[in-house]
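Notes follow once the structure below has been shown.
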Amino acid sequence: MLKKQHRLTTAGFNEVFKVGRRLHTPYFQLIYIPSGDFHTAVVVGKKVSKTAVGRNRLRRQVYGAVYSFTQITPLAFTILMVAKPALKNIPSRAVKPAVFEALTTLLAR
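Just so you know, we're using this note's numbering here: the sequence shown kicks off at 1039 and counts up by one.
Dropping the structure here:
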């Protein structure tokens, strides 16, 4: 799980949402700002999963995948990851590769 110091605060969330650049992948919309430190937040809306249990499960899986990615590759971005409805149609074991693909695409920019 991602450390609390790497979570995005409410003020940071609003700033990233207003001025951040957007990158679309099949399963995520990444809203990001280049920064010196790494912070992230994951948003899973009701269009993705109607139940809170389903949304929280996906959110935990994405946070876990982001943590794994940051252990391999350091990031210098503030990132807001918004899940798309297509994410609910893939199996749980495919969430981590989807997150890795999204973050790799971000680093390639």
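Even glycine gets a Cβ: it sits at the ideal position worked out from N, Cα and C.
From a predicted model like this one, the values you see are computed outputs, not experimental measurements.
If we call anything under 9 Å between Cβ atoms a contact, is Gln1099 one with Val1133? Residue mapping note: residue 1099 aligns to position 61 of the sequence shown, counting from 1. Residue mapping note: residue 1133 aligns to position 95 of the sequence shown, counting from 1. Result yes, Cβ atoms of Gln1099 and Val1133 sit closer than 9 Å.
Would you list the residues sitting across from His1077 in a DSSP beta bridge? For this step, residue 1077 is matched to residue 39 along the sequence shown. Note: His1077 sits in a beta bridge opposite Thr1116.
Would you call Ala1136 buried or exposed, if buried means 16 or more other Cβ atoms sit within 10 Å of its Cβ? In the sequence shown, residue 1136 corresponds to position 98, counting from 1. Buried, since its Cβ has 16 or more Cβ neighbours within 10 Å.
Which same chain residues end up closer than 6 Å to Ile1071 when comparing Cβ atoms and leaving out the 5 residues on each side of it in sequence? For the purposes of this step, residue 1071 is taken as the residue at position 33 of the sequence shown. So the qualifying residues of the chain are Val1054, Gly1058, Thr1116.
Give the straight-line distance between the Cα atoms of Tyr1152 and Gly1074, rounded to the nearest whole angstrom. The structure shown has nothing for residue 1152, since the chain only spans 1039 to 1147.
Can you tell me which residues form a DSSP beta bridge with Phe1066? Looking up residue 1066 in the sequence shown gives position 28. Paired residues: Ala1121.
Tell me, please, which residues DSSP counts as bridged to Pro1072. Here residue 1072 corresponds to residue number 34 of the sequence shown, with the count starting at 1. Note: Pro1072 sits in a beta bridge opposite Phe1115.
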